[in-house]
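Chemist: The structure is given below, and queries will be raised subsequently.
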Amino acid sequence: MASHPPIVRDARTHAHPDARLADMIQKSRDRSVEFGLSESMTPDYSLVGAPELALRIDQNRVLCTHALPVMETLYGQIANTHSMVVLTDVDGLILHSLGDDDFLRRAEKVALRAGANWSERQQGTNAIGTTLAEAQPTTVYGKQHFLRANHFLACSSVPILDPYGALLGVLDVTGDCRSHHRHTMALAKMSAQMIENHLFASTFTQALRIHFHSRPEFIGTLMEGIAAFRADGSFLSANRSAQFQLGLPLASLRAHTLSSLFTTSSGELIDRICSAGAANSGIELMLHSGVRVRAHVEFRRAGSVALGVAMPERVRDAVVPERVPTMPAPRASQVSLLDTGDAAVSAVLGRVRKVIGKPIPILIGGETGTGKDRLAHAIHLDSPRADGPWIGVNCGAIPDTLIEAELFGYAEGAFTGAARGGRLGKIAEAHRGTLFLDEIGDMPYALQTRLLGVLETHVVVPLGSNKARPVDFTLICATHRNLREMVARGTFREDLYYRINGLFVSLPALRERTDIEAIIEALLRTERVVDRPLSIDAKALALFRAHPWPGNLRQLVNVLRAACAMLDTHESTIGIEHLPADFLDAPLVKQDAVRWRDVVPRASSAPALANGVAPVRLSDVTSSTVAAALAACAGNVSAAARMLGVSRGTLYRSMKREREI
1 MASHPPIVRD ARTHAHPDAR LADMIQKSRD RSVEFGLSES MTPDYSLVGA
51 PELALRIDQN RVLCTHALPV METLYGQIAN THSMVVLTDV DGLILHSLGD
101 DDFLRRAEKV ALRAGANWSE RQQGTNAIGT TLAEAQPTTV YGKQHFLRAN
151 HFLACSSVPI LDPYGALLGV LDVTGDCRSH HRHTMALAKM SAQMIENHLF
201 ASTFTQALRI HFHSRPEFIG TLMEGIAAFR ADGSFLSANR SAQFQLGLPL
251 ASLRAHTLSS LFTTSSGELI DRICSAGAAN SGIELMLHSG VRVRAHVEFR
301 RAGSVALGVA MPERVRDAVV PERVPTMPAP RASQVSLLDT GDAAVSAVLG
351 RVRKVIGKPI PILIGGETGT GKDRLAHAIH LDSPRADGPW IGVNCGAIPD
401 TLIEAELFGY AEGAFTGAAR GGRLGKIAEA HRGTLFLDEI GDMPYALQTR
451 LLGVLETHVV VPLGSNKARP VDFTLICATH RNLREMVARG TFREDLYYRI
501 NGLFVSLPAL RERTDIEAII EALLRTERVV DRPLSIDAKA LALFRAHPWP
551 GNLRQLVNVL RAACAMLDTH ESTIGIEHLP ADFLDAPLVK QDAVRWRDVV
601 PRASSAPALA NGVAPVRLSD VTSSTVAAAL AACAGNVSAA ARMLGVSRGT
651 LYRSMKRERE I
C-alpha cells in the first residue's frame, strides 16, 4: 500500500482533538488509497447532466422539501464568512447549495455545486464522503483532505437519517479553512436534527405520537423526544432525542412496545388524552427506567375529531367516553402570537386579520429575514383552509431549469429523466389550501406568464400534458425586492403584479422594532438547544438592542442558537463571551440616543446624522464612554473594543493617552 502523510491537527482550530475522530480520518485516507487515488491527482470535477440532476432531486423530493428551509436558516447564520451550505443525497451527489458570492467563485473551481459528486471514491477524504462512509458527523480541515486541490477547505458534515434510521444524505458547511469557526459543527448538528424532526412528524401523521421530556418547557422544542406507535401500541420509531432519553438505540427499541417503554397501554393512554383535552401537554408518564416525564400525545388518523385529536371511528367508539365532545377545540390565533408589542407590526397584523378567509391575495414585503414566511404560515393557520395543505415555494432557491416542473408538475415522459407516473406540481398540491410563493421577485419572466394564466383561469396544465386540472387555493406572496421598480424596468409583469397585490403589507426591519427584548425572551423559550431555562445578561442584551441586525429575525434566531450552543453545562445565562465572533466583530451602529445610553450611559456627545443614525467612532466619544464600555464588559478590552467598533490596539492607545493626561 502506498504511503501517505500523517493526519494534520491544526492547533488554532483544534480540529479532531479526540482519537475517535482522528481514527476516522486515518481510515478514510486508507480507503482513498485503496480507491486508487493519489494526493497530487487532478480531481474529477465533472457534473451530472441536467436531466440526471432533475431525476435525483425528484427521487429525494421529501428530503429537499424539509431540508431547504433549514439550509436557508443555517446559511443566514454563516453568511459573509466565506462559506456555503450543501445538501447531498446518500451517494454524495450535491442536490442544492447556498453560499457567499466570493467563496462560490472558489468553490466552483472544485465543483462544490449541484450535480457534483463528493463521495470518498471520487474526492478521497472529505467531510461529505467520510460522513457517508462512517454515518458519523465529521469535520475535515485543510490538509486532512486527501487531495491537495481541496486543502484550502474546512468542511463540517452531519448525516441526515430518515425516521427509520436509514441514511438519507448529508448536510455540510464548507468554507475557507482560514475563517473556520468553532461553532460550525454545532450549528450543522442542530440543523440536521431539525430536518430529521420535520421528516419524523410528516412520516407519522397517522400514528400515536408521544412528545416528551423530563422538563415540560422543552416539549415542542428541538430537545423533545418523539416516539411513534401504532394504535395497538406496537413500536414504529423514535427520534434521536427519544433514543437518548429512553437509553436505547433504534434497533433495540424495535423489540419494545408502548407499554414496555412508558409503562402504560395504548388504550389507557388514549383514554387519558381524551380526558385531558386542552391539558394534553401536562400528561405525566413514567419511562421504563423509572424517570418521570411530561408528555404531549397526538393520535391523528382519518375520521372524527375529539379534543383536537383525530381518531378513526372504530377507536373513538371504543375508548372515548360519551361526555367528550366531538367538536375540535378552538385554535389559538397564530397571527396574534406574532404581536409582541411593536406598533408597526401590530398595524400590519391588524390589516391582515381583516382579509383572512376572503378571496384577496396578500403580498408581504420587507427585508430578508424579517419573518415574511412566519407571517404567511400564521395567516394560513388562522384561515378556514387551515386543515388544507400548506405549500411553500422559494422561487429564488430553485434553479431556473427546474422551477417550471416544480411549480406546474409534469406528465410521464415529459422529458428525459422524468419520474414514472409524472409529478403533480406545487400549484396542484395546494388545492383547497394555501400556496405561498416566497421571493416571487426572483421568478423567471417567462414563468410569470404561466403563473398569471393559472391565477386567471384557476386551472393548471402540467408539462407534457394537455389535461387541465382545476385548482383552488389562497395565494400569499412575499419578496424583499421593490416590485414596482421591477415593473418599471420590465423585469416583472405589470399584470401579474396587480394580480398578486390584493393587500400589500410590509414588515419592518428588526433594527426599527421596539419589541426586541420581548422577541428575545420568546426565542429563548422556543429556540434553545440546551435542557434548562435560559436568560440573557444585561450587557449582552444592551449589545442586542444597539446592533443593526442586517439579517433581521433570521440573524437573531441564529445568534441565539449559536450562543446557546456555546454555554457550558453549568451555565444558564448568555453573556457577551457566548456570542459568535462574527456578530461581535460587526460594526456597532447607533440606533438612537436612548438605546446607545443603555450600552454606554454617557455617550450623548457622539454626533448624529440628520436621520438620527451614525456609526460610533472612538474619536466621537468622550473618555467616559470608553470607561463605560470597559465597565459594561467587566474590563474585557477585546469585548469593549468590539462594542465601540474599533480595534483593540486603538482602544489601548486611547487608554494610554487618558493615563498620560
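Under the UniProt record's numbering, the first residue of the sequence shown carries the number 1, and numbering increases by one thereafter. A virtual CB, placed ideally from N, CA and C, is assigned to each residue, including glycine.
(1) Tell me the rounded alpha-carbon separation between Arg272 and Gln59.
(2) Using the C-alpha atoms, what's the distance from Leu363 back to Leu579?
(3) Determine the contact status of Ala255 and Phe229, defining contact as a CB-CB distance below 9 Å.
(4) Cα-Cα, which of Arg121, Cys477 and Ile219 is closest to Gly441?
(5) My guess is that Ile160 and Leu63 are in contact by the Cβ rule of under 8 Å, so how many angstroms apart are they, rounded?
(6) Where does residue 662 sit, in a helix, a strand or coil, going by DSSP?
(7) Quick one: what does DSSP say Asn117 is sitting in, helix, strand or coil?
(8) Specify whether the region 166 to 181 and the region 79 to 93 touch according to this definition: at least 3 beta carbon pairs, one from each stretch, less than 8 Å apart.
(9) Can you give the Cα-Cα distance for Met71 and Met655, rounded to whole angstroms?
(10) If you reduce the DSSP assignment to three classes, tell me which class Arg272 lands in.
(11) Identify, in the order they occur along the chain, each residue of the same chain with its Cβ nearer than 8 Å to the Cβ of Thr81, setting aside the five sequence neighbours on each side.
(12) Rounded to the nearest angstrom, what separates Asp232 and Thr264 at their Cα positions?
(13) Pair every Cβ in the region 352 to 371 with every Cβ in the region 496 to 503, then say whether three or more of these pairs are closer than 8 Å.
(14) Using only CA atoms, which one of Thr368, Asp382, His377 and Asp472 lies nearest to Arg353?
(15) What are the uninterrupted segments assigned as alpha helix (DSSP H) that are 4 or more residues long and contained completely in the region 536 to 582, given in chain order?
(16) Just confirm the distance between the C-beta atoms of Ala188 and Ser156, as a whole number of angstroms; I'd bet it's less than 8 Å.
(17) With distances taken Cα to Cα, identify the nearest neighbour of Glu512 among Arg481, Ala488, Asp537 and His547.
(18) Look up Val320 in the DSSP assignment and say whether it is helix, strand or coil.
(19) Classify Pro325: buried if its beta carbon has 16 or more other beta carbons within 10 angstroms, exposed otherwise.
(20) To the nearest angstrom, how far is the alpha carbon of Ala22 from that of Gln144?
(21) If I follow the unbroken beta strand (DSSP E) through Met486, where does it start and stop?
(22) Helix, strand or coil for Asp515 per DSSP?
(23) Pull up the distance between the alpha-carbon of Ala411 and that of Ala405, whole angstroms please.
(24) Kindly indicate the opening and closing residues of the beta strand (DSSP E) around Asp438.
(25) On a CA-only basis, which of Val559, Thr479 and Gly575 is nearest Thr184? Give me that one, please.
(26) Beta-carbon separation of Val140 and Ala149 under 9 Å?
(27) Straight-line CA distance for Arg9 to Arg29?
(28) Within the continuous alpha helix (DSSP H) that includes Asp495, where are the two ends?
(29) Rounded to the nearest angstrom, what separates Leu507 and Ala378 at their Cα positions?
(30) Starting from Glu404, follow its DSSP beta bridges and name the residues at the other end.
(31) In the structure shown, what three-state DSSP assignment does Ala207 receive?
Modeler: According to the structure shown:
(1) The alpha-carbon atoms of Arg272 and Gln59 are separated by roughly 41 Å.
(2) If you take the alpha carbons of Leu579 and Leu363, they lie about 35 Å apart.
(3) Cβ distance not < 9 Å, so Ala255 and Phe229 don't count as in contact.
(4) The option with the nearest alpha carbon to Gly441 is Cys477.
(5) Indeed, because the Cβ distance is near 7 Å, the residues count as touching under 8 Å.
(6) No statement about residue 662 is possible, as the shown extent of the chain runs from 1 to 661 and does not include it.
(7) In this structure, Asn117 counts as strand in the three-state DSSP scheme.
(8) Yes: at least three Cβ pairs fall under 8 Å.
(9) The straight-line gap from Cα to Cα measures roughly 44 Å.
(10) Three-state result, Arg272: helix.
(11) So the list reads Asp100, Gly175, Ser179, His181 and Asp582, once near-sequence residues are dropped.
(12) Approximately 12 Å, taken between the alpha carbons.
(13) Touching, yes.
(14) The option with the nearest alpha carbon to Arg353 is Asp382.
(15) Contiguous alpha helix (DSSP H) elements confined to the region 536 to 582 occur at 538 to 546 and 552 to 566, taking only those with 4 or more residues.
(16) Ala188 to Ser156, Cβ: 5 Å. Contact.
(17) Out of Arg481, Ala488, Asp537 and His547, His547 has the C-alpha closest to the C-alpha of Glu512.
(18) Model confidence at Val320 stands at a pLDDT of 35, short of 50, so the residue's coordinates are unreliable and nothing is read from them.
(19) Residue confidence for Pro325 is low, a pLDDT of 36 falling below 50, so the modelled location carries little weight; the figure read from the coordinates is stated next. By the neighbour-count criterion, in which 16 or more other beta carbons inside 10 Å mark a residue as buried, Pro325 falls on the exposed side.
(20) If you take the alpha carbons of Ala22 and Gln144, they lie about 10 Å apart.
(21) Counting along the chain, Met486 falls outside any beta strand (DSSP E), though it belongs to the alpha helix (DSSP H) covering Leu483 to Arg489.
(22) Asp515 falls in the coil class under three-state DSSP.
(23) Roughly 10 Å between the two C-alpha positions.
(24) Residues Gly433 to Asp438.
(25) Distance check between Thr184 and each of Val559, Thr479 and Gly575 places Val559 closest, using alpha-carbon atoms only.
(26) No. Outside cutoff.
(27) With a pLDDT of 40 at Arg9, under the threshold of 50, the modelled position of that residue is not reliable, and no figure is offered here.
(28) Annotation: the continuous alpha helix (DSSP H) that includes Asp495 extends over Glu494 to Ile500.
(29) Leu507 and Ala378 have their C-alpha atoms roughly 14 Å apart.
(30) Residue pairing by DSSP leaves Glu404 without any beta bridge partner.
(31) The answer is coil: DSSP assigns Ala207 none of H, G, I, E or B.
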